[in-house]
Amino acid sequence: MAKDCIALAARDTSGIIKRINIKRRDVGPNDVEVDIHYSGVCRSDVHMVRSDWIGTNYYPMVPGHEIAGVVKSVGKDVKKFKPGDRVGVGVYVDSCRNCDSCKRGDESYCDDMVATYNTEVTDEKGNTSVTYGGYSASIVTDAGYVVSIPDNLGLDVAAPLLCAGITTYSPLRHFGALKGGPKVRVGIMGFGGLGHLALKLAKAMGCPTTVISTSNRKKDAALKCGADRFLVSTDEKQFKEFEGSMDLIINCVSADHDIDRALKLVANDGAMVLVGLPPHDFKVHPFSLVGRRITLAGSHVGGIGETQEMLDFCAKNNVFAEITEIPAKDVNRAIYELVSNSSTKNRFVINVKDSMTAGEWEVEDDDRIDPKSWKIQSKVVPDEAVLPFHK
Ligand code: NAP
Ligand code: ZN
Numbered sequence: 085m086a087k088d089c090i091a092l093a094a095r096d097t098s099g100i101i102k103r104i105n106i107k108r109r110d111v112g113p114n115d116v117e118v119d120i121h122y123s124g125v126c127r128s129d130v131h132m133v134r135s136d137w138i139g140t141n142y143y144p145m146v147p148g149h150e151i152a153g154v155v156k157s158v159g160k161d162v163k164k165f166k167p168g169d170r171v172g173v174g175v176y177v178d179s180c181r182n183c184d185s186c187k188r189g190d191e192s193y194c195d196d197m198v199a200t201y202n203t204e205v206t207d208e209k210g211n212t213s214v215t216y217g218g219y220s221a222s223i224v225t226d227a228g229y230v231v232s233i234p235d236n237l238g239l240d241v242a243a244p245l246l247c248a249g250i251t252t253y254s255p256l257r258h259f260g261a262l263k264g265g266p267k268v269r270v271g272i273m274g275f276g277g278l279g280h281l282a283l284k285l286a287k288a289m290g291c292p293t294t295v296i297s298t299s300n301r302k303k304d305a306a307l308k309c310g311a312d313r314f315l316v317s318t319d320e321k322q323f324k325e326f327e328g329s330m331d332l333i334i335n336c337v338s339a340d341h342d343i344d345r346a347l348k349l350v351a352n353d354g355a356m357v358l359v360g361l362p363p364h365d366f367k368v369h370p371f372s373l374v375g376r377r378i379t380l381a382g383s384h385v386g387g388i389g390e391t392q393e394m395l396d397f398c399a400k401n402n403v404f405a406e407i408t409e410i411p412a413k414d415v416n417r418a419i420y421e422l423v424s425n426s427s428t429k430n431r432f433v434i435n436v437k438d439s440m441t442a443g444e445w446e447v448e449d450d451d452r453i454d455p456k457s458w459k460i461q462s463k464v465v466p467d468e469a470v471l472p473f474h475k
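Printed below as a string of C-alpha cells:
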C-alpha cells in the first residue's frame, strides 16, 4: 500500500509553498525507503516553483533535491543498503541506463533522466505519476540512484553536497582543477550555495582561488572558506586588475548577467563553465572567445559514481556546506532571501526530522511577498533585481 507522507508544495507559479499530503509508492524489489532528515533549499527549487525556465511544470510541486537521511527499509533485491544506513539522494532518481551517457557514468546527461521532482513517470502497470522531491518526510526510490554519506560528514552539512557539491565538483574535475591543483587558478562567480562549495572544493584540490561577488558583503565569509582573493565585480578599477587572471571560472550566478564582461577575467586558453541557470539567454561576442582561445562551457550536476567519489573526497578533505538550518514552516522566508539575494547565508537546509517531531509543517506566509505576483515588497532589492554587474 502506498504510504501517506507529509510534504511541502507549491500549488502554482506564485511559488508560495504550503503543507500537502502526498503518497509514496510501495517499496519495490530494487527500492530504498529513506526517512529524510535534512533537505537543502537549492536556487533551482526556486526557479522551478516559479516556472522561471522553459519546460513542463506540474503542480502541486514538491521541490527538494539535496536529500540526506537514513534508510528505513529496502526491497528484496537491494544489496547495497540496509536499514539504518546514512544516505543521500540528489537531483535525479533514474535514467535510461542504456545510452552512451549512462554507460559512461554520466547519468545527468541522459535524455531520459528522471528528476527527483517534477518529472512524469510511468510504472510497469502503465500508471503515470509525477515525482515529488525532498521537502517531505520520506522518499521511496531506486537504490541505484542513492549514495552513501560517509560517517564523518554530518547529514545536515552533507545535504547540500547532493546538488551544490556535485554540480561544482564535476566541472572542477572535468576541466582540470582536480588533477592540475596549484597550476589551475580557479575563479568562483556568485558566492551562494554552489559558489561556497566550489570554493571549498577548489581549495581542497590545491588550486589558487578568487571569489567574484557583486558586493563586499560576503568577503569575510569567503576568506573564512579559504578564498585567496576576493573581487567585487561592480568595482571597475578592481575588475581591471583581475582581468585575464583565472584559468577556470565556475559561474554560479542565478540571475541574468553580462557574460561577455565576465569573460574578460579568464586567462588565455582558460575556460568559463556555466553551472548557474539564469532564466534568459545572453549575448557573447565572438571576439571574447576567439582572440584568446577561451572555452565557454556548461555543466549539469554529475554522475552517480562521481557523486559518491565527491562525497568521499569531501569526507577525506573535511569539505562540508555552510548551512543555516530552518524548520519546514520557514521555507517561504528562505525563498525570499534567495530571490532577493538579500542575505549572506550560503545554504538554507530544512531540518525535516525535527520539524516532524515538533509538528512544524504549517508554513507561515511571509508578508514581504505578495502571493499573487510573487512581487517582493522589500525596498532593499527590487524583484528580479539586476545588480550593477549584471547590467
Ligand atoms: P544561490 O545560493 O542563490 O547563489 C546564487 C548567487 O548568484 C548569489 O549568491 C549571488 O552571488 C548571485 N546572484 C543572485 N542574484 C543575483 C542578482 N540579482 N544579481 C547578481 N548576482 C546575483 O543559488 P545556488 O543554489 O548556488 O544556485 C546558483 C545557480 O545554479 C541557480 O541558477 C541554480 O538554478 C543553478 N544550478 C545549476 C545546476 C546545474 O546542474 N548546472 C545545479 C544546481 C543549481 P553574489 O552575492 O556573490 O554576487
Ligand atoms: Zn540544486
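Convert by adding 84 to the 1-based position in the sequence shown; the result is the number in the numbering used here. All residues carry an ideal CB built from backbone N, CA and C; glycine is no exception.
Exercise. Mind checking whether L315 and T294 have CB atoms under 9 Å apart?
Worked result: yes
For this session: Write down the C-beta distance between V224 and R109 rounded to the nearest angstrom, noting that I regard them as a contact closer than 8 Å.
Result: 5 Å
For this session: Let me know if I138 comes out buried or exposed under the rule of 16 or more other beta-carbons within 10 Å of its beta-carbon.
Result: exposed
For this session: Have a look at K400 and T441 and give me their C-alpha separation to the nearest angstrom.
Result: Their backbone Cα atoms lie some 33 Å apart in a straight line.
Problem set entry | Beta carbon of D115 nearer than 9 Å to that of V154 | Going by C-beta atoms, D115 is not nearer than 9 Å to V154.
For this session: Answer with buried or exposed for D178, where buried requires no fewer than 16 other C-beta atoms within 10 angstroms of its C-beta.
Result: With a 10 Å radius around the Cβ and a threshold of 16 neighbouring Cβ atoms, D178 comes out buried.
Exercise. Apart from the five residues on each side of it in sequence, which residues of its chain come closer than 7 Å, Cβ to Cβ, to H384?
Worked result: S192, Y193
For this session: Flag this pair as yes or no: are the beta carbons of P147 and G238 separated by less than 9 Å?
Result: no
Problem set entry | CB contact flag (P255, A381, <9 Å) | yes
Exercise. In terms of alpha-carbon separation, which member of V374, M132, H364 lies closest to T203?
Worked result: Distance from the Cα of T203 is smallest, within the candidate group V374, M132, H364, for M132.
Problem set entry | Proximity to M273 [Cα-Cα], best of K308, V337, V241, L285 | V337
Exercise. Which residues in the same chain as D119 place their Cβ atom closer than 6 Å to its Cβ, once the five residues preceding and following it in sequence are excluded?
Worked result: G153, V154, K156, S222
Exercise. Does T140 come within less than 9 Å of chain B when only Cβ atoms are used?
Worked result: Among the protein chains of the structure shown there is no chain B, as only one such chain exists.
Exercise. Three or more C-beta pairs closer than 8 Å, one from the region 273-286 and one from the region 335-351: is that the case here?
Worked result: yes
For this session: Could you check the C-alpha separation between P113 and V162 for me, to the nearest Å?
Result: 7 Å
Problem set entry | Alpha-carbon spacing of I343 relative to K164, whole angstroms | 43 Å
For this session: Pull up the distance between the alpha-carbon of D353 and that of A261, whole angstroms please.
Result: 14 Å
Problem set entry | Same chain only: Cβ atoms within 8 Å of E446, ignoring 5 sequence neighbours per side | R103, K413
Exercise. Taking A305 as the reference, which of R95, C126, K429 has the closest Cα?
Worked result: Among R95, C126, K429, the Cα nearest to that of A305 is on K429.
For this session: Determine, using beta carbons only, whether A355 and T379 come nearer to each other than 9 Å.
Result: yes
For this session: Could you tell me the distance, in whole angstroms, from the CA atom of E327 to the CA atom of G271?
Result: 11 Å
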